[in-house]
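A.B. asks: Numbering (UniProt numbering), first residue to last: 1 to 257.
If you scroll down you'll find the structure; I have some questions about it.
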Amino acid sequence: MSFELLLELWPATLALAFAITIVAGIIKGAIGFAMPLIMVSALSSFVDPKIAIAAIILPIVASNGWQTLRHGIAPAIQASNEHWRYLVVVCFMIFVAAQLVPIIPRNIFYFVLGVPVVGLSLVQLFGLQLTISDRHKWWAEWVIAAISGTLGGLVGTWGPTTVLYLLAMKTEKMKQITVQGVIYGLGSITLLFAHIQSGVLNTKTVALSAILVPFALAGMWVGFQLLNKLDQQRFRQITLLVLTIAGLNLLRKGLLG
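Given below as structure tokens:
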């Protein structure tokens, strides 16, 4: 591990990264997802987007591991058995798509980040509810998993599409939280190895990613405490509005260079 990148960053830049990670952790603890969206959108505003991708990897591995096992191993195993096809496709596509990250030009990368951030946030912000009938479940599961995995590999986030899929499947609330944890947990481990292979996570960037882990977990703990005290729907709407603004900023940067 090299501390070269940390030494290159201004103290104010690191402090801002810590604050962003805490906020992202709080929101993930409160609503169960959105940490990668928030971190990538915000960090990409003042560091190279590929460094932002590297920075989020260890925090999301740690936070997703906590979310997966928070209610015990048995529900996680049951969720894995029920949604194994979705898990396999998501993990495969994450690994494949991640290999494209080092070769995507900077401006295009801002669009790759911004379009799904804005699109997925607006879909949820306006409350679009998808429904999948039993006879369409077999192909919908594969298609949505492929889209989720591609977004996961390119921009480090497959949470919003997964949430939309589970809502469309009319998954019971507590079961949905467990399924999300399993999908995010296995996906984040895949993302870790995928970006070691792609070179995005390397001896230079891993130190930044590692130093953000305790801030992510601290924020997530606070989010868990807020979960039962806040109006979750309003909190979620504010979060999605912030994500939309952040995504529009990424699109602006892609247009202006």
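For glycine and all other residues, C-beta sits at the position ideal for the given N, C-alpha and C.
Here the structure is a predicted model, which means the values were calculated and not measured.
(1) Is it right to say Trp-10 is buried, meaning 16 or more other beta carbons lie within 10 angstroms of its own, or is it exposed?
(2) Between the segment 173-191 and the segment 118-125, do at least 3 Cβ pairs fall closer than 8 angstroms?
(3) Quick one: what's got a C-beta closer than 7 angstroms to Asp-48's C-beta in the same chain, skipping five residues either side?
(4) For residue 259, which residues from the same chain have a beta carbon less than 8 angstroms from its beta carbon, with the 5 sequence-adjacent residues on both sides left out?
(5) Any idea what DSSP makes of Gln-99, helix, strand or coil?
(6) Skipping 5 residues on each side, what residues in its chain have a beta carbon closer than 7 angstroms to that of Ser-63?
(7) Where does Phe-3 sit, in a helix, a strand or coil, going by DSSP?
(8) Considering Lys-170, what are the terminal residues of the alpha helix (DSSP H) in which it resides?
(9) What does the alpha-carbon distance come out to for the pair Leu-87 and Ser-80?
(10) State the Cα-Cα distance for the pair Pro-105 and Gly-72, rounded to the nearest angstrom.
(11) Could you tell me the alpha carbon to alpha carbon distance between Ser-148 and Ser-2, rounded to whole angstroms?
(12) Does DSSP put Ser-254 in a helix, in a strand, or in coil?
(13) Indicate whether Met-39 and Thr-68 have their beta-carbon atoms separated by less than 8 angstroms.
C.D. replies: Based on what the coordinates show:
(1) exposed
(2) With fewer than three CB-CB distances shorter than 8 angstroms, the segment 173-191 does not count as touching the segment 118-125.
(3) none
(4) There is no way to answer for residue 259, as the model of the chain reaches only from 1 to 257.
(5) Coil at Gln-99, not helix or strand.
(6) Gly-25, Lys-28, Met-35, Ala-216, Leu-217, Met-220
(7) coil
(8) No alpha helix (DSSP H) holds Lys-170; DSSP gives it neither H nor E.
(9) 8 angstroms
(10) 42 angstroms
(11) The alpha-carbon separation between Ser-148 and Ser-2 amounts to approximately 32 angstroms.
(12) Reading off the sequence shown, one finds Gly at residue 254, where the question assumed Ser. Here Gly-254 sits in helix by DSSP.
(13) no
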